[in-house]
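Right, one structure below, let's go through it.
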Amino acid sequence: MTSTVSASVAGSWINGAAVTTGGAAHQVINPADGSVVAELKLATPADVDTAVAAARAAQPDWGRAAPVERSTVLAKLAALMNEHADELVAEEVSQTGKPARLAREFDVPGSIDNVDFFAGAARHLEGKATAEYSGDHTSSIRREPVGVVATITPWNYPLQMAVWKVLPALAAGCSVVIKPAELTPLTTLTLARLATEAGLPDGVFNVVTGAGGDVGTALAGHPDVDVVTFTGSTPVGRKVMAAAAAHGHRTQLELGGKAPFVVFDDADLDAAIQGAVAGALINTGQDCTAATRAIVARDLYDDFVSGVAEVMSKVVVGDPDDEDTDLGPLISMAHRAKVSGMVERAPGQGGRIVTGGSAPDRPGSFYLPTVIADVAEDSEVYRDEIFGPVLTVRSFTDDDDALRQANDTAYGLAASAWTRDVYRAQRASREINAGCVWINDHIPIISEMPHGGVGASGFGKDMSDYSFEEYLTIKHVMSDITGVAEKDWHRIIFTKR
Ligand code: NAP
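Heads up: the sequence shown begins at 4 in this note's numbering, then just goes up one per residue.
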């Protein structure tokens with residue numbers, strides 16, 4: 004293991020400095036081998052108050068800074084992240100167990116590109132044109148920072164999820180207090196340190212570490228924040244929304260997914276097989292958009308099932324630092340127990356395990372790539388988020404049935420349709436209920452385009468200019484242009500002076 008960081012780190016970053024907070028001692032564990040990556044002291048609800056107060060104090064000046072000033076700091080942050088890319092990769096690999104290849108070619112460059120995008124986007128926040136809609140007034144729109152943003156992120160892509168939440172907020176002129184997942188705080192703390200080094204004023208970007216039950220609850224329900232943004236599971240997202248609602252605060256929720264992967268009978272079968280394996284196994288399947296429900300035309304069904312099983316059997320499971328490793332461990336032993344429990348119950352609910360279905364014989368929370376065919380529509384593995392390297396497969400009879408099955412879920416984050424027929428592709432992209440529909444691919448994301456779901460997958464957008472809507476308020480400024488004391492409309496209210 005070359006990525007092991009083993010260090011004692013301060014548990015929070017508040018008001019531009021590392022702070023050893025007053026909560027419990029905590030160890031960050033490498034799930035690939037159970038080794039201790041770092042030790043830190045968690046924050047307490049009192050530390051959350053301190054961080055929110057720092058963010059409140061810092062926000063007005065940052066919000067009034069010229070866009071070019073904000074842009075310059077964020078561009079410097081992107082440059083510093085580039086310089087520290089190896090450190091970010093090592094931390095991300097050690098705390099999550101994801102393959103170094105994935106961290107180096109996806110997580111870290113994707114995060115840097117997102118920072119870079121928002122450095123540019125900070126300079127062109129636009130509104131509707133100024134105009135005389137009433138005839139007697141000039142109306143204009145001001146898009147103003149919403150204020151202090153509380154954000155809570157999950158463990159699966161710690162750096163990317165932090166960047167997706169924090170960067171549009173900073174670019175919009177907000178200040179932020181973020182709570183990363185307790186299991187994976189390291190890259191979020193490094194991001195805050197680099198932001199300060201890049202010239203971000205103290206207090207604009209604060210990190211508090213701790214468990215969801217106390218620090219998360221304190222942050223989501225804090226009376227002095229203006230908006231609460233969250234990425235994580237659907238049940239926790241609903242708790243966060245309830246806590247924020249107690250103060251009438253805005254929320255944005257990026258929640259779970261159960262993406263359909265629809266293979267029509269005219270699809271390029273080889274491309275669909277490759278795409279299903281990549282889409283199901285990315286980040287050991289711990290991806291909210293992962294391909295989890297393959298819905299395949301009957302004519303292609305048997306070849307698809309044997310094809311994905313064959314490709315999966317060649318996937319290299321192993322040491323995340325090894326260049327040849329394709330699949331790292333799940334995030335923890337507890338999460339592996341959840342995944343294996345769901346897989347083990349599947350045959351009792353009609354599923355047929357074609358490959359995988361067990362843990363390999365090695366230390367760490369590894370689980371083998373798994374294909375479960377013939378799953379019943381009401382089975383747990385088909386309906387609930389597994390969040391592991393598991394692909395379920397069902398067949399469909401005709402296009403109506405395919406689209407019905409694709410939409411037969413409470414979730415609506417992402418989906419893909421595989422076909423060479425342009426009309427089928429258009430119909431699928433229109434009729435599948437999801438925040439993103441890929442055609443003949445599954446997974447790619449891009450900073451310029453939005454990410455976010457519908458239904459049980461939440462609402463609001465990360466990435467792209469659309470994400471600014473979460474961090475801005477719209478103010479209408481209406482200026483009289485007649486200069487007369489007795490305005491025409493006054494006669495509606497009183498006729499005689
Ligand atoms: P999770 O259990 O919901 O936790 C997410 C975050 O919420 C963590 O920081 C957690 O803290 C915190 N938390 C837990 N209980 C809380 C509470 N009562 N109040 C406030 N915060 C609380 O999710 P996860 O297991 O980390 O991540 C996996 C989930 O995230 C999956 O469902 C996946 O689909 C979803 N996800 C969605 C997207 C998307 O863009 N839609 C992206 C990535 C992941 P602790 O863990 O420290 O206790």
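Glycine included, every Cβ here is placed at the ideal spot set by N, Cα and C.
Among the options, the one whose alpha carbon lies nearest that of residue i
i    : options                   : result
D116 : V71, L394, L170 and G150  : L170
I155 : A122, R355, G219 and A293 : G219
P161 : T191, L173, V152 and P148 : T191
G351 : T328, D381, G331 and P372 : D381
D305 : F121, V230 and D268       : D268
A376 : V318, T395, A58 and G391  : T395
G331 : T99, S11, A68 and D50     : T99
V228 : G19, A56, E383 and Y414   : A56
S368 : L272, T53, G138 and N33   : N33
G461 : K261, I144, L222 and R104 : K261
G26  : L91, P372 and V51         : V51
M466 : L173, D404, K182 and S142 : L173
T400 : V118, V487 and V266       : V266
N18  : A122, V180, L258 and P112 : V180
E347 : T373, D327 and A337       : T373
I46  : D217, S450, A10 and I389  : Checking the sequence, you will find Ala at residue 46 rather than Ile. Here the closest residue by C-alpha is D217.
A294 : P447, D403 and H338       : P447
F109 : F121, A88, A122 and F120  : A88
G321 : V243, K341 and T287       : T287
V480 : S316, T75, G130 and E434  : G130
H29  : S316, P188, H338 and F390 : P188
D271 : G310, G240 and V239       : G310
A41  : G391, A10 and W65         : A10
V111 : A93, I285, D404 and G259  : A93
L194 : V299, G259 and E86        : E86
Distance cut-off 6 Å: residue i Cβ against heavy atoms of the ligand NAP
i    : result
E257 : yes
C439 : no
N18  : no
T212 : no
T234 : yes
E185 : yes
V230 : no
P350 : no
I32  : no
V320 : no
I446 : no
N159 : yes
K242 : yes
Other residues of its chain near residue i: CB distance less than 8 Å, five sequence neighbours each side excluded
i    : result
L475 : L128, R146, E147, P148, V149 and A175
V314 : I276, Q277 and V280
S432 : A420, V440 and I442
A214 : L45 and E185
I435 : P263, V265, L406, A409, N410, A418 and A420
Span separating the alpha-carbon of residue i from that of residue j
i    : j    : result
M4   : A125 : Low per-residue confidence applies at M4: pLDDT is 45, beneath 50, and the placement is therefore not dependable, though the value from the model is reported in the following sentence. Between M4 and A125, the C-alpha separation is close to 40 Å.
Y469 : L416 : 16 Å
V166 : R365 : 34 Å
P70  : G455 : 26 Å
H225 : A21  : 22 Å
P48  : A249 : 17 Å
K182 : V210 : 6 Å
D444 : S482 : 51 Å
A246 : V152 : 14 Å
F333 : A58  : Correcting the residue identity first, residue 333 is Leu in this sequence and not Phe. Cα to Cα, L333 sits roughly 35 Å from A58.
V425 : A283 : 25 Å
V487 : H140 : 12 Å
A418 : R386 : 15 Å
I449 : I484 : 44 Å
G251 : A223 : 12 Å
V243 : P453 : 22 Å
Sequence-distant residues of its chain with Cβ nearer than 7 Å to residue i (five each side left out)
i    : result
E200 : L83
P157 : M164, A184, T234 and G235
T23  : A13, G14 and K44
A61  : S178, P204, D205, G206 and V207
A413 : G458 and A459
E72  : none
Y136 : S142
Chain-order list of residues whose beta-carbon lies under 6 Å from that of residue i (same chain, five-residue window excluded)
i    : result
A349 : I375 and V384
R253 : V230
V96  : S6, A103, A106 and P323
S114 : L162, Q163 and V166
P63  : none
G66  : P148 and G176
Minimum Cβ-Cβ distance from residue i to chain D less than 7 Å
i    : result
M481 : Chain labels in this structure do not include chain D; a single protein chain is all it has.
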